[in-house]
Amino acid sequence: MIRTEKLSRHFDDVVALDSTDIHIKEHQTTVVMGGSGSGKTTLLRLLAGLECPTSGHIWYGKDDLNGISQKNLYKLRSRMGMVFQYSALLNSLSVYDNVAFPLVEHTQLDESVIHTMVTMKLEQVGLRGFEKFMPSQLSGGMAKRVAFARALAMDPEIVFFDEPTSGLDPISAGVIASLIGDLTQRTKMTSIVVTHDVHAGLAIADHVILLWQGKVIAEGTSDVIRHSDDARVQQFIEGRPDGPIPFSRSETSYIEDLLHKPGTVRMS
Amino acid sequence: MNNEPAQQNNAILFFGSLGRWFLRAIESMGDATVLSVTSLAHLFAKPWQGKHIVIQLYALGVGSFVIIAITGAFTGMVLALQGYYTLAKFGSESLLGSGVALAIIRELGPVLGAFMMVGRAGSSITAEIGIMRVTEQLDALQMMAVNPKARIILPRIIAMIISLPLLVSMFDIIGLGAGYIVGVELLGVNGGAFIGEMIAKITPMDLYAGWVKALGFGILIGVICTYMGYRATPTTEGVAKATTQAVVAGSVGVLILDYILTSFFL
Amino acid sequence: MQSYRKTEITVGIFVFLGIMAMAWMAIKLGQIGGLGSSGYNVSATFDDAGGLRAGADVMLAGVSIGRVASVQLKDQDEALLQLEIQQGVELTTDAIAAVRTKGIIGERYVRISQGADDKIIANHGEIEETESAINIEDLISKYIFSSSE
Chain A
295 MIRTEKLSRH FDDVVALDST DIHIKEHQTT VVMGGSGSGK TTLLRLLAGL ECPTSGHIWY
355 GKDDLNGISQ KNLYKLRSRM GMVFQYSALL NSLSVYDNVA FPLVEHTQLD ESVIHTMVTM
415 KLEQVGLRGF EKFMPSQLSG GMAKRVAFAR ALAMDPEIVF FDEPTSGLDP ISAGVIASLI
475 GDLTQRTKMT SIVVTHDVHA GLAIADHVIL LWQGKVIAEG TSDVIRHSDD ARVQQFIEGR
535 PDGPIPFSRS ETSYIEDLLH KPGTVRMS
Chain B
4 MNNEPAQQNN AILFFGSLGR WFLRAIESMG DATVLSVTSL AHLFAKPWQG KHIVIQLYAL
64 GVGSFVIIAI TGAFTGMVLA LQGYYTLAKF GSESLLGSGV ALAIIRELGP VLGAFMMVGR
124 AGSSITAEIG IMRVTEQLDA LQMMAVNPKA RIILPRIIAM IISLPLLVSM FDIIGLGAGY
184 IVGVELLGVN GGAFIGEMIA KITPMDLYAG WVKALGFGIL IGVICTYMGY RATPTTEGVA
244 KATTQAVVAG SVGVLILDYI LTSFFL
Chain C
83 MQSYRKTEIT VGIFVFLGIM AMAWMAIKLG QIGGLGSSGY NVSATFDDAG GLRAGADVML
143 AGVSIGRVAS VQLKDQDEAL LQLEIQQGVE LTTDAIAAVR TKGIIGERYV RISQGADDKI
203 IANHGEIEET ESAINIEDLI SKYIFSSSE
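Residue numbers (this note's numbering), protein chains in the order written: chain A, 295 to 562; chain B, 4 to 269; chain C, 83 to 231.
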């Protein structure tokens, strides 16, 4: 359904994503995993069209996201939902208005119909009764669930999740993870989850993509990943501090940096 | 050891940074213009943002009325007091009305009104949009197929353009009223002379000058403050810096534009 | 939605008050349109306008009856003034217009003294008799020269 072709994104000198080719299948939960700075959030933002690639293509069926008109992009997005890392609820609106927002914006539905739909969505995420709360009154987990309900409001075909379990206690994280799994199966939507939470990620994934330094290093079902013999994959899954993935990201020599004090000018 | 190369180095550094600063200033001006023009292009496009313009008029215009009224009243009072003691030395107290009116309508109403709006409404625009950037609310709008330029930037610029001339006119009248009370009731200038001189000396050109200035300042503040917020570095510090910069750039911009417009209207 | 209605009404009041403020200034102070322009024009030619500017008062018997609409140079030699006189004020054809000063440092104004004629100056008429501004320097030099002789 979604295909990338030699997709790259550079931030000045930093390569966030390096010529990746991935394929995301319909009605599946695809989990993109990787450490911090592995390029997974960048990949998500590129897929959602929030950023433009430095080079390469993203194909939605036959539509290329490069050079797409704003009108067509918005049409495409009306089939998408996104749950942001920090929920990104609109501060000035109540929980009800946040969930109703996409419906009010893009449909001519009657207020009573919208009310029913919002109530249904909030029930799905277990937050019925919190309609009048403002985002600032919610805990992180609740805000994320409201964001989830908002993403589902338009019954999207594709839902993006950016770190859906980060910063949550284990129970909230588990609730969110099982919600993603359940809803993907029940509503036949395509979920793309970006996370560094190995446990939750492997639990809900139909397909896992493991990124490291902007490149895909492993791909397959959860079992394939679990039993991968790539040392980097094993290190990431088990969270071992030492292995082929170094903790230090410095490229210069430690001794050099220590000797090179600021303010000294070399005379050579 | 030898200072010569070091000084030269400093001069190069100075001009280098000055040049860089200047180029960046020009670049942001162009960037801000493009942003506001593309945003304002949505004014007549569907969906119509009228409701959001009204909400912003309430937040920026109605919300600033009290501070504008207080500023206007004290400006008028101080002008009457200062003007009285200066004019009394020449026995021309009767000119007080025209002095206060000219100063307020041509200069102080638009300029002080604009300063208050930069400080109160402008800074809140920048901080609000900046925080929406940090918390990914702008991206969330994008993902819900709502254009943040049309929804967030456009209503704020339009509300600023509409409310500044209205607020400045209220500032003027409150200032004149306060000046009258101090001049006539407290200092004992002849009331008839005060009003007579005021009416005699104010020409339509003075009024146009005041309103055109208010309109220009409204556009300037709206453009600068929305731009600073929209392009803020998405960190807490970035938003704080953007807010400061918006207030500084807005105030300085108002003074520069004031000079340019005044030179046109003299 | 209830709160939005309230917002709308408040904004409506705000805009209305603002426009009222503008209108009041325009009509009362600027005398733009309607009330202000209910006057007629009279011209007068002076040898020396003494730095008089547009907007200066026109007084008759110490009462303001209009203002100077424009000051122009005429025939490269004289000053041509357009005076805007309030409706209802009638000036005789032999009235005298003079440029005078209010107070010691005060500003210039046009003082008009009525004559004895029965005829009235019509719109776009001319005040023929004028007295130029009194130049203090000229007076002083005249005094010095006359006393030294």
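Note that beta-carbon positions come from the ideal geometry of N, C-alpha and C, so glycine has one too.
Quick caveat, the model's predicted, so the values are computed rather than measured.
Same chain, Cβ closer than 6 Å to C:Gly118, neighbours up to 5 away in sequence not counted: Residue placement at C:Gly118 cannot be trusted, given a pLDDT of 46 that sits under 50; what the coordinates show is reported in the next sentence. Counting only Cβ-Cβ distances below 6 Å, and skipping sequence neighbours, we find nothing.
Along the chain, where does the alpha helix (DSSP H) containing B:Ser172 start, and where does it finish? Leu157 to Tyr183
Which runs of the alpha helix (DSSP H) spanning at least 4 residues fall entirely within the region 101-142 of chain B, listed in chain order? 112-120 and 126-137
Scan the region 126-148 of chain C for residues whose Cβ lies nearer than 9 Å to a Cβ of chain F and list them as they occur along the chain. In summary, chain F is missing from the structure at hand, where the protein chains are A, B and C.
Cutoff 7 Å: B:Glu240 Cβ touching any chain A Cβ: no
How close, in whole Å, do the beta carbons of B:Gly75 and B:Gly178 come, if the pair is a contact with beta carbons under 8 Å? 4 Å
For the region 201-233 of chain B, which residues have a beta carbon sitting closer than 9 Å to at least one beta carbon of chain C? Met201, Ile202, Ala203, Lys204, Ile205, Thr206, Pro207, Met208, Asp209, Leu210, Tyr211, Gly213 and Trp214
Output needed for B:Gly199: all residues of its chain with C-beta closer than 6 Å, excluding positions within five of it in sequence on either side, in chain order. none
Which parts of the region 393-453 of chain A are runs of the alpha helix (DSSP H), unbroken and 4 residues or longer, counting only runs that do not cross its ends? 405-418 and 434-446
Secondary structure of C:Ser214, DSSP reduced to three states: coil
Taking 7 Å as the threshold (beta carbon to beta carbon), is A:Arg303 in contact with chain B? no
Tell me the start and end of each unbroken beta strand (DSSP E) in the region 501-542 of chain A that is at least 3 residues and wholly inside, in chain order. 501-506 and 509-514
Would you call B:Cys228 buried or exposed, if buried means 16 or more other Cβ atoms sit within 10 Å of its Cβ? buried
Inter-residue Cα distance where the pair is C:Asp200 and C:Leu142: 17 Å
Can you tell me the Cα-Cα spacing of A:Pro429 and A:Ala497, whole angstroms? 29 Å
Do you know whose CA, among A:Gly331, A:Arg439 and A:Ser388, lies nearest A:Glu417's CA? A:Arg439
Enumerate in chain order the residues of its own chain whose CB-to-CB distance from B:Val215 is below 7 Å, with the five nearest sequence positions on each side excluded. Leu264
Contacts of B:Leu170 in chain C (Cβ-Cβ under 8 Å): Gly100
Would you tell me roughly how many angstroms separate the C-alpha atoms of A:Thr478 and A:Asp500, rounded to the nearest one? 10 Å
Determine the contact status of B:Ala217 and B:His45, defining contact as a CB-CB distance below 7 Å. no
What are the start and end residues of the alpha helix (DSSP H) that includes B:Gly253? Thr239 to Phe268
Which residues DSSP lists as bridging C:Asp139, in chain order: C:Arg149
Under 7 Å between the Cβ atoms of A:Val377 and A:Val488? no
At what residue ranges does the region 41-76 of chain B contain a whole run of the alpha helix (DSSP H), taking only runs of 4 or more? 53-59
Step through the CB atoms of chain B and report whether any lies within less than 7 Å of the CB of C:Thr183. no
Short of 6 Å in beta carbon distance, which residues of its chain neighbour A:Gly495, apart from the five on each side in sequence? Order them along the chain. Val325, Met327 and Thr489
In this structure, how does DSSP classify C:Ile178 when only helix, strand and coil are distinguished? strand
Cβ shell of B:Phe197 (< 7 Å), same chain only, five flanking positions each side left out: Leu99, Gly100, Tyr183, Gly186 and Val187
Please look up how many angstroms separate the CB atoms of C:Val93 and B:Val250, rounded, as I've assumed it's under 8 Å. Their Cβ separation, rounded to whole angstroms, is 25 Å, which puts C:Val93 and B:Val250 out of contact at 8 Å.
So A:Thr484 and A:Gln322 are in contact, right, with Cβ under 8 Å, and what is the actual spacing, rounded? 6 Å
Status (buried if at least 16 other CB within 10 Å, exposed otherwise) for A:Ile452: buried
Taking only beta-carbon positions, decide if A:Arg526 is within less than 7 Å of chain B. no
I'd like to know if C:Val93 contacts chain B, where contact means its C-beta is closer than 7 Å to some C-beta of that chain. yes
Reducing DSSP to helix, strand and coil, say where C:Asn110 ends up. Looking at the sequence itself, residue 110 of chain C is Lys, so the reference to Asn does not match. Note: C:Lys110 maps to helix in three-state DSSP.
Measure the alpha-carbon distance for B:Ala148 versus A:Ile486 and round it to whole angstroms. 19 Å
Buried or exposed, going by whether 16 or more other CB atoms sit within 10 Å of the CB of A:Arg480? exposed
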